[in-house]
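Below is one structure; the comments refer to it alone.
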Amino acid sequence: MKTSVIGLGKLGAPLAAVLASKGHQVVGVDVNPDFVRALAAGRAPVDEPGLQELIGRSGGRLSATLDCEAAVLGSDVSFVIVPTPSDSQGGFSNKYVLSALASIGQALRKKRGYHVVNITCTVMPGAMNGEIRQALEAASGRQVGAQGENGVGLCYNPEFIALGSVIRDMLRPDMILIGESDARAGQMLEDIYRATCDNNPPVRRMNLVNAEITKIAVNTYVTTKISYANMLAEICERLPAADVDVVTDALGMDSRIGVKYLKGALAYGGPCFPRDNVAFAHLARSLGARADLAEATDRLNRHQTGRLAAAAARLLDGRSRIGVLGLAYKPGTSVIEESPGVALAARLSEERFEVYVHDPMALASAMAVLQDKVVPIVSAEECVQAVDALVIATPWPQFAKIPAATFARAGRRLQVLDCWRMLDRDKVGAVADIHYLGIGGLEPASRIRAVKS
Ligand SMILES: NC(=O)c1ccc[n+]([C@@H]2O[C@H](COP(=O)([O-])OP(=O)(O)OC[C@H]3O[C@@H](n4cnc5c(N)ncnc54)[C@H](O)[C@@H]3O)[C@@H](O)[C@H]2O)c1
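Just so we're aligned: the sequence shown equals residues 0 to 452 in numbering that gives the first Met the number 0.
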């Protein structure tokens with residue numbers, strides 16, 4: 000199948016590479032000449048584990064251009080993966096989608112042959128059958144759902160991926176979700192995925208609005224689960240000898256609940272979860288339905304920075320130098336949107352603490368936001384050694400491997416707030432005081448062991 004991928008960002012570039020690696024002919028399009036130049040030269044335009052290797056394995060099937068018209072004319076299916084930023088009411092703006100559709104439509108006026116336009120970006124329920132369908136029909140002069148050589152199919156096919164594991168998630172998805180204007184369009188997409196995924200995933204095909212609702216419902220369900228686990232963590236840390244990991248581990252054994260995303264720790268962040276949840280509440284309100292659950296999830300999430308900052312300030316006990324290890328919103332990415340570590344660093348600096356920060360990938364992007372409010376430290380070890388108290392805000396696996404001796408101090412022991420409970424209690428706990436979020440009374444590890452035994 001010949002495909003064009005319009006938008007070569009964090010999601011589009013990996014999708015283009017995944018499709019090409021599985022034998023499809025792919026032409027990528029972007030308005031950013033740097034991204035096009037990079038991909039055309041065989042270089043990954045964005046940071047994503049495994050992307051560079053996959054581009055290398057695309058065997059000449061992957062090309063890139065600034066010319067959207069040529070890309071559409073040379074393909075059967077166009078994936079549109081451009082930004083849909085949040086708007087002032089909490090929904091999503093389709094302005095980049097509409098601009099991409101104007102170019103696609105112009106090309107379709109010159110093309111003979113059926114074409115499928117597949118919107119992969121996140122849109123608000125109602126948009127596909129509303130302004131998106133109208134824009135495509137107006138620009139192309141074709142009727143959505145019409146067959147024959149002047150026909151055009153419209154699909155909504157969001158990806159359920161996490162940054163840092165995008166390629167794995169695309170190759171082995173839990174499900175393929177396809178909203179379709181007509182069966183032929185949906186079948187073409189299903190065929191592409193059947194030839195692309197490694198795990199023969201279940202495919203759910205439905206009308207456009209059901210797919211739109213399903214997309215933000217999935218993310219809102221997951222955020223609810225995270226906020227639930229965080230609520231449990233806060234309860235546990237107020238009850239002596241309570242341990243949120245023990246509770247959630249058992250809770251997750253119930254097959255109605257499951258263990259995934261049930262770790263009581265910090266706020267969810269990133270480019271999708273927070274805004275999808277807010278958009279879901281906005282959708283419910285705009286329809287006159289109850290939005291309470293999504294709103295409570297968001298309120299609990301926003302509460303986490305204050306909860307964490309208060310716990311960190313208690314550990315400093317009059318001292319001022321505090322380190323934040325982890326600024327990316329999750330491991331494996333340099334993305335810092337709505338990152339708990341960045342929010343914590345900003346809050347602590349407002350409270351006049353001297354804040355030292357480190358992240359293996361996200362230091363530069365975080366410093367662009369935090370600027371001179373904090374001190375960037377290139378090595379995790381040096382960050383640990385520079386401070387009186389330390390917060391582990393992102394569970395990068397390498398933080399668990401920092402040698403225990405790095406945490407040792409002459410005089411007052413280093414106070415460590417280990418939000419993800421990843422440090423070695425025995426080795427690091429022997430030379431520093433480790434405090435765990437979600438464990439009764441935020442006691443140092445040595446005391447917790449005593450209580451448990
Ligand atoms: N990043 C994620 O984790 C993720 C996950 C699920 C869904 N999404 C959704 O996918 C969409 C894209 O997200 P992203 O993270 O890849 O965004 P991104 O900002 O990383 O990339 C978007 C790309 O589109 C390009 N672009 C904008 N207008 C264009 C046009 N008219 N023609 C061609 N290219 C154009 C931009 O230059 C940019 O390179 C959004 O709707 C987002 O909500 C993202």
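C-beta: ideal position from N, C-alpha, C; glycine also. All figures in this text were calculated on a predicted structure; none of them were measured in a lab.
Quick check: what's the CA-CA separation for residue i versus residue j?
i, j, result
"Arg313", "Leu416", "10 Å"
"His398", "Arg351", "With the sequence shown as reference, residue 398 is identified as Phe, and His is not the correct amino acid for it. Taking the straight line joining both Cα atoms gives about 26 Å."
"Ala293", "Gln51", "37 Å"
"Thr247", "Cys271", "24 Å"
"Leu135", "Ala308", "48 Å"
"Ile453", "Met205", "A query on residue 453 cannot be resolved here, the shown segment of the chain reaching from 0 to 452 and no further."
"Thr304", "Ala345", "10 Å"
"Leu53", "Ala37", "14 Å"
"Asp432", "Asp371", "29 Å"
"Ala403", "Ser254", "38 Å"
"Lys9", "Ala182", "29 Å"
"Arg111", "Gln142", "14 Å"
"Val430", "Ile5", "53 Å"
"Pro84", "Arg171", "27 Å"
"Arg424", "Val323", "19 Å"
"Ile118", "Pro157", "7 Å"
"Leu162", "Val79", "18 Å"
"Pro339", "Lys329", "9 Å"
"Ile175", "Val122", "17 Å"
"Arg412", "Ala379", "18 Å"
"Arg237", "Asn276", "28 Å"
"Thr219", "Phe279", "7 Å"
"Ala295", "Gly144", "40 Å"
"Val368", "Glu211", "33 Å"
"Pro201", "Asp173", "7 Å"
"Ile215", "Ala288", "16 Å"
"Arg320", "Val356", "11 Å"
"Ile401", "Asp244", "23 Å"
"Ala310", "Val374", "21 Å"
"Val17", "Leu389", "40 Å"
Could you work out which residue in the options is closest to residue i when comparing CA atoms only?
i, options, result
"Asn93", "Gly125, Asp75, Val71", "Gly125"
"Gly90", "Leu299, Ile401, Arg289, His281", "His281"
"Val76", "Ala39, Ala15, Arg203, Arg56", "Ala15"
"Tyr267", "Ala367, Ala342, Arg320", "Ala342"
"Asp66", "Ser3, Gln303, Ala309", "Ser3"
"Ser20", "Gly6, Pro13, Val30, Ser57", "Ser57"
"Leu61", "Pro82, Val81, Val28", "Val28"
"Ser87", "Arg274, Gly150, Asp291", "Arg274"
"Val334", "Glu353, Val35, Met174, Gly269", "Gly269"
"Ala69", "Arg108, Asn31, Gly11, Asn218", "Arg108"
"Val116", "Leu389, Val71, Ala240", "Val71"
"Pro32", "Gly59, Leu18, Thr64", "Thr64"
"Ala264", "Ala240, Ile225, Ala327", "Ile225"
"Val217", "Ile160, Ala327, Ala388", "Ile160"
"Ala327", "Ala388, Val373, Pro394, Glu349", "Pro394"
"Arg318", "Leu207, Gly55, Leu347", "Leu347"
Hey, is residue i's beta-carbon within less than 8 Å of any beta-carbon in chain C?
i, result
"Arg36", "The chain labelled as chain C is not found in the depicted structure, where only one protein chain is given."
What is the residue span of the beta strand (DSSP E) that residue i lies within?
i, result
"Pro62", "Sequence check: residue 62 is Ser here, not Pro. Residues 61-64."
"Ala290", "Counting along the chain, Ala290 falls outside any beta strand (DSSP E), and DSSP gives it neither H nor E."
"Ala388", "388-391"
"Val116", "114-118"
"Arg141", "Note, Arg141: premise wrong, no beta strand (DSSP E); not H, not E."
"Cys154", "151-155"
Kindly list the residues whose CB is nearer than 6 Å to the CB of residue i, restricted to its own chain and excluding five residues on each side of it in sequence; keep chain order.
i, result
"Val221", "Tyr260"
"Lys426", "Ala403"
"Thr332", "Leu162, Gly163"
Spatial neighbours of residue i within its chain, please: C-beta separation below 8 Å, excluding the five flanking residues on both sides.
i, result
"Met0", "His23, Gln24, Asp75, Val76, Met187, Asp190, Ile191, Ala194"
"Ala101", "Ala134, Ala138"
"Ile391", "Leu324, Gly325, Phe398, Val415, Leu416, Asp417, Cys418, Trp419, Met421, Leu422"
"Pro443", "Unreliable positioning characterises Pro443 in this predicted model, as indicated by a pLDDT of 49, which lies under 50. A coordinate reading is not provided."
Considering just the uninterrupted stretch of the alpha helix (DSSP H) at residue i, what are its terminal residues?
i, result
"Gly55", "50-55"
"Tyr192", "182-193"
"Asp248", "243-252"
"Thr222", "207-235"
"Gln384", "379-384"
"Glu179", "Segment 175-179 is the beta strand (DSSP E) holding Glu179; no alpha helix (DSSP H) there."
Near residue i, which residues of its chain fall below 7 Å by C-beta distance, leaving aside the five closest residues on each side in sequence?
i, result
"Gly251", "Gly257, Val258, Leu261"
"Pro13", "Glu47, Leu50, Val165, Ile166, Met169"
"Val81", "Ile5, Gly6, Tyr95, Val96, Ala99, Cys120"
"Asn517", "Here the chain comprises residues numbered 0 to 452, so residue 517 is not present and cannot be evaluated."
"Arg284", "Ala290"
Could you say if the segment 30-47 and the segment 185-197 meet the contact criterion of at least three C-beta pairs nearer than 8 Å? no
Given 8 Å, three or more beta-carbon pairs between the segment 429-437 and the segment 230-237: Contact between the segment 429-437 and the segment 230-237 is present, because at least three Cβ pairs lie under 8 Å.
Examine the Cβ distances between the segment 356-366 and the segment 299-315 and report whether three or more of them are shorter than 8 Å. The segment 299-315 and the segment 356-366 do not touch, with fewer than three beta-carbon pairs separated by less than 8 Å.
Does the segment 379-390 come into contact with the segment 400-410, if we say contact requires no fewer than three beta-carbon pairs (one atom in each stretch) closer than 8 Å? Per the Cβ contact rule, the segment 379-390 is in contact with the segment 400-410 (3 or more Cβ pairs under 8 Å).
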